[in-house]
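Quick note: the sequence shown, position 169, residue 474 per the working numbering, numbers continuous.
Worksheet for the structure shown next.
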Amino acid sequence: MRLYRSVGIGPLVRNLSLFFVAIAFLFFAVIGGQFPSPEEPYVSALSSQFYYDKGKTVAGDIAARVGSQTLKNILKMEMPVLSIADSTVQVKPVSGFNLIKNGLNLLVGIKLEDPLTYLKAEIPMMAVMPITPATADSFDESSLDEISEPPGTTTPTTPPAEVTNKIISKEPLIALYNTHSSETYELTDGVTHQKGKAGGVAIVTQEIQKFIEKNYQIPVLFSPAIHDVAFNSSYVESHKTAVALVKDNPSLKMILDVHRDGAMSREQSLVEINGEQVAKVLIVVGTDARAEHPKWRENLDFAKKLAAKLDAMYPGLSRGISIKQGRYNQELSTGALLVEVGSDKNTTAEAVAAGKLFAAVVVALLNDMQAAAAANP
């Protein structure tokens with residue numbers, strides 16, 4: 306018969322508590338979507354099946370990181386009765402150093418013997434895709450966008466001024482596409498992404514195209530390409546589309562990448578205009594912080610003109626301008642911008658209504674640009 310030394314209840318409770326706190330930490334991290342992967346970039350609607358599947362993933366991840374035998378030894382060291390059923394395994398005490406090493410690996414993925422994991426812990430994207438010149442511009446924040454240029458306080462025009470189009474063109478002047486094609490509106494579709502296919506944001510973009518062509522007879526291009534089948538390379542894919550649009554259509558004055566925002570409440574996403582509830586619109590401008598983009602301030606000037614026109618025509622529609630570190634394909638043209646129509650807390654109908662107002666503003670700005678060019682040949 307084996308003899309076991311008696312142990313105080315204090316260390317047992319402490320060590321087991323730390324162990325199960327680590328398990329709980331990983332569980333809630335999964336719920337918060339802290340484990341991105343190229344294959345599953347979206348968090349599914351929470352359900353019992355979701356928790357079951359993710360629970361299995363967490364258990365497997367823990368075993369893979371620290372080793373199932375290590376976990377068994379920790380439990381058997383503190384609960385010797387577990388060793389009775391396994392007489393073939395000699396339980397070796399786990400040293401303090403190994404506990405610290407395994408704890409770091411378990412909680413944050415750091416392996417003391419592998420310095421690269423230090424960087425991956427601080428730069429999570431390194432864990433899901435390699436950092437190369439081609440992908441350096443593909444990183445996209447999912448948190449609430451910080452407003453760099455707040456909207457103006459223009460007094461509303463009652464009724465709004467009618468847009469008179471004086472532009473006659475057989476060549477396309479505006480191009481539209483969606484880097485995050487799968488983005489959609491949760492209140493309509495029940496999910497935030499239509500994985501692998503076009504979501505509500507593509508519907509909004511097509512409505513902008515139709516509205517401009519029908520009401521103002523200005524040719525507008527829309528690319529239906531799906532760019533985010535692999536979410537982390539979506540900007541790499543949309544860059545190909547944007548390059549082709551610019552190369553094949555030298556007549557373009559505006560190239561707009563249409564998105565919808567996330568991380569917003571419904572109240573932050575809505576405004577009433579002309580008695581109708583519509584989604585708010587944010588303009589995003591990229592900089593040269595991550596890659597070469599010498600004319601980004603010209604994009605910013607263009608964004609300021611568009612934002613001012615939004616404020617003048619439909620006060621409250623604009624959320625302002627957000628200046629961010631990525632380029633977002635805007636290095637291809639000084640008329641290129643990223644536009645976020647609403648958030649995932651809007652309905653598709655609210656976003657479409659905002660898109661039509663935005664379309665009228667775009668046409669008004671195009672006319673201003675043509676008049677300015679004619680006055681200063």
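C-beta: ideal position from N, C-alpha, C; glycine also.
- The alpha-carbon separation between residue 594 and residue 629 amounts to approximately 9 Å.
- DSSP places residue 656 in the uninterrupted alpha helix (DSSP H) bounded by 653-680.
- When beta bridges are read from the DSSP output, residue 488 appears opposite 498.
- Burial is judged here by how many other beta carbons sit within 10 angstroms of a residue's own beta carbon; residue 566 has at least 16 and is buried.
- 528 is the residue among 607, 668, 528 and 602 whose C-alpha sits nearest the C-alpha of residue 562.
- Along the segment 591-652, the alpha helix (DSSP H) occurs as fully enclosed runs of 4 or more residues at 601-618, listed in sequence order.
- Taking a contact to require three or more Cβ pairs closer than 8 Å, the segment 497-504 and the segment 573-587 do not qualify as touching.
- Contact check for residue 513 against residue 625 fails: the beta carbons are separated by 7 Å or more.
- Looking from the CA of residue 653, the closest CA among 480, 510 and 481 belongs to 510.
- The segment 655-671 and the segment 469-483 touch, with no fewer than 3 CB-CB distances between them shorter than 8 Å.
- Between residue 586 and residue 623, the C-beta spacing is below 7 Å.
- Put simply, the segment 514-533 touches the segment 479-493. At least three CB pairs are less than 8 Å apart.
- Around the C-beta of residue 553, fewer than 16 other C-beta atoms lie within 10 Å, and the residue is accordingly described as exposed.
- For residue 540, DSSP assigns no beta-bridge partner whatsoever.
- As for any alpha helix (DSSP H) of minimum length 4 sitting wholly inside the segment 509-535, there is none.
- Counted as a single uninterrupted DSSP element, the beta strand (DSSP E) harbouring residue 577 occupies residues 575-578.
- If the five residues before and after residue 493 are omitted, its C-beta is found closer than 8 Å to the C-beta atoms of 505, 652, 653 and 654, all from its own chain and listed in chain order.
- Secondary structure at residue 548: helix, using DSSP grouped into helix, strand and coil.
- The C-beta of residue 631 has 16 or more other C-beta atoms within 10 Å across all chains shown, which makes the residue buried.
- Going by C-alpha positions, residue 485 is about 14 Å away from residue 496.
- Annotated three-state conformation of residue 568 is coil, per DSSP.
- For residue 583, the enclosing beta strand (DSSP E) has its first and last residue at 581-584.
- Taking a cut-off of 8 Å for Cβ pairs, the segment 600-608 and the segment 635-644 touch, as three or more such pairs fall below it.
- Judged by DSSP in its simplified three-state form, residue 553 adopts helix.
- Counting the other CB atoms within 10 Å of its CB gives residue 555 a total below 16, which places it among the exposed residues.
- About 6 Å separates the Cβ atoms of residue 612 and residue 588, confirming a contact at the 8 Å cut-off.
- Apart from the 5 residues on each side of it in sequence, residue 539 sits with its Cβ closer than 7 Å to the Cβ of 443, 484, 485, 532 and 533 in its chain, given in chain order.
- For residue 474, the number of other beta carbons within 10 angstroms of its own is below 16, and it is reported as exposed.
- In the DSSP assignment, residue 468 forms no beta bridge with any residue.
- When the Cα atoms are used, residue 577 and residue 490 turn out to be separated by approximately 18 Å.
- Taking 8 Å as the upper bound for CB-CB distance, residue 646 and residue 664 are not in contact here, some 11 Å apart.
- In this structure, the beta-carbon distance from residue 574 to residue 650 falls below 7 Å.
- One thing to note: residue 634 has its Cβ within 7 Å of the Cβ of residue 547.
- The beta carbon of residue 516 sits closer than 7 Å to those of 661 and 664, all from its chain and outside the five residues before and after it, given in chain order.
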